[in-house]
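Protein chains in written order, with this note's numbering: chain X, 262 to 473; chain A, 262 to 473.
For every residue, glycine included, the Cβ atom is placed at its ideal position computed from N, Cα and C.
Computed from a predicted structure; not experimentally measured.
Following: one structure in structure tokens, then a few remarks.
Below you can see the structure in the form of structure tokens.
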């Protein structure tokens, strides 16, 4: 999935402020600096001051906008997802999930993303705020994509109305992350197709309804 | 699943040497020392010498038996799995997988195991031998459990003959690990049942056959 969808996740979220111009450039350079710094020195040695120097801004700019190091890291994780995962629209839930699982795997096969995610997931292994911010930022992106594709599947009559969109995305993504981070096995085309197929089948059969 | 199955995984594996007596006691104390050391100082500061001191054995004993630090770590991971995951036999694939997913979650809810797995998974994030040894040791246990319960399911006619046992276990376990280590969400009873249900359904429908 080399070509980028014209409607990235961020554009789907009403009320999100995405200012252009200088503010957007500052955000981009700070997040880029944060990701570079994270990969070079690791989470435990990263600090707001070092990110500020690398980005060419005052530390106060970072504190004012993101509140803390954790805030910058969470936003950096979110930005990587947003810029690389878009909302598919293939006409079927299984097709949409296949496109999504392929995009996730492609993201991980692109060396800088893999290194960033390794650091972010590694830092998320601790039990501090970094863990929570990382987890919630990745979850938010998934939930937003899931909401759109599952809503369409419900309208098409493919899945029950009370299907849990977040669970559909979790089911499709989990086997890929399991291979990447738990069993450390390769992830191939067959795995992305299978993950999508299993999740779509489970959703169609009503196994992924919201808990009552 | 507080009570332990009388047939732990190790016992299911023909040809595995589990000597009793002094050798077994040495193994147990070295692995216990390795796990304690890992949690206290982290993987990057752990060394064979420190583990040897803690276990009260000569470093040469460890090198002779495990070859390297990675060998000890892999065996420690394997031993935690072996001692805590047994082969269920409930009469159905879905029941067996439910028992297994519950046992995995219970393992993670037991504080020392969670801390050990955090360290082992964290060390597996690197790209060195620790990653490979950790991954292969956890995989081996799963593959052994999977082989037994899927073979029974095939005999009962529940699933196609060419069902991929390792993939069945991966499907059942992946959503739990995803919650524990990627999205950092709680894992409840409903999640363990759902993971088993989705994996069993996918297997029954022939979605988890071996690749040709």
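Helix, strand or coil at residue i [DSSP, three-state]
| i | result |
| --- | --- |
| residue 329 of chain A | coil |
| residue 305 of chain A | helix |
| residue 340 of chain X | helix |
| residue 417 of chain X | coil |
| residue 424 of chain X | strand |
| residue 273 of chain X | Confidence is the limiting factor: at residue 273 of chain X the pLDDT is only 36, short of 50, which leaves the residue's position unreliable, though a coordinate-based value still follows. Residue 273 of chain X falls in the helix class under three-state DSSP. |
| residue 468 of chain A | coil |
| residue 366 of chain A | helix |
| residue 282 of chain X | helix |
| residue 408 of chain X | helix |
| residue 318 of chain X | coil |
| residue 290 of chain A | helix |
| residue 444 of chain A | coil |
| residue 263 of chain X | In this prediction, residue 263 of chain X scores a pLDDT of 39, lower than 50, which makes its location untrustworthy; the coordinate-derived value is nonetheless stated afterwards. Three-state result, residue 263 of chain X: coil. |
| residue 346 of chain A | coil |
| residue 297 of chain A | helix |
| residue 371 of chain X | coil |
| residue 430 of chain X | helix |
Option nearest residue i by Cα separation, candidates the options
| i | options | result |
| --- | --- | --- |
| residue 342 of chain A | A:417, A:292, A:305, A:359 | A:292 |
| residue 410 of chain A | A:368, A:450, A:360 | A:360 |
| residue 296 of chain A | A:375, A:284, A:431 | A:375 |
| residue 369 of chain X | X:420, X:311, X:332, X:434 | X:434 |
| residue 514 of chain X | X:348, X:352, X:372, X:373 | Because residue 514 of chain X is not part of the residues shown, which for chain X are 262 to 473, the question remains open. |
| residue 346 of chain A | A:407, A:418, A:324, A:383 | A:407 |
| residue 313 of chain A | A:305, A:335, A:288 | A:288 |
| residue 421 of chain A | A:452, A:464, A:453 | A:464 |
| residue 329 of chain X | X:309, X:339, X:436 | X:309 |
| residue 372 of chain X | X:300, X:320, X:472 | X:300 |
| residue 339 of chain A | A:412, A:400, A:442, A:323 | A:400 |
| residue 453 of chain A | A:284, A:364, A:472, A:350 | A:364 |
| residue 425 of chain X | X:284, X:472, X:324, X:437 | X:472 |
| residue 344 of chain A | A:413, A:437, A:283, A:402 | A:402 |
| residue 377 of chain X | X:302, X:413, X:286, X:320 | X:302 |
| residue 331 of chain X | X:412, X:352, X:356, X:305 | X:305 |
| residue 413 of chain A | A:438, A:311, A:350 | A:350 |
| residue 415 of chain A | A:311, A:466, A:382 | A:466 |
| residue 383 of chain X | A:432, A:311, A:442 | A:442 |
| residue 311 of chain A | A:438, A:294, A:322 | A:294 |
| residue 358 of chain A | A:417, A:431, A:438 | A:431 |
Residue i: first and last residue of the uninterrupted alpha helix (DSSP H) it sits in
| i | result |
| --- | --- |
| residue 439 of chain X | Note, residue 439 of chain X: premise wrong, no alpha helix (DSSP H); not H, not E. |
| residue 350 of chain A | Looking at the DSSP string, residue 350 of chain A is not in any alpha helix (DSSP H), and its letter there is neither H nor E. |
| residue 459 of chain A | 450 to 465 |
Any non-hydrogen atom of the ligand SAH closer than 6 Å to residue i Cβ
| i | result |
| --- | --- |
| residue 460 of chain A | In terms of ligand content, the structure shown is empty, and the ligand SAH therefore cannot be addressed. |
Check whether residue i and residue j have beta carbons under 7 Å apart
| i | j | result |
| --- | --- | --- |
| residue 444 of chain X | residue 337 of chain A | no |
| residue 429 of chain X | residue 460 of chain X | yes |
| residue 470 of chain A | residue 423 of chain A | yes |
| residue 398 of chain X | residue 316 of chain X | no |
| residue 404 of chain X | residue 427 of chain X | yes |
| residue 448 of chain A | residue 366 of chain A | yes |
| residue 468 of chain X | residue 419 of chain X | no |
| residue 333 of chain A | residue 327 of chain A | yes |
| residue 455 of chain A | residue 446 of chain A | no |
| residue 298 of chain A | residue 307 of chain A | yes |
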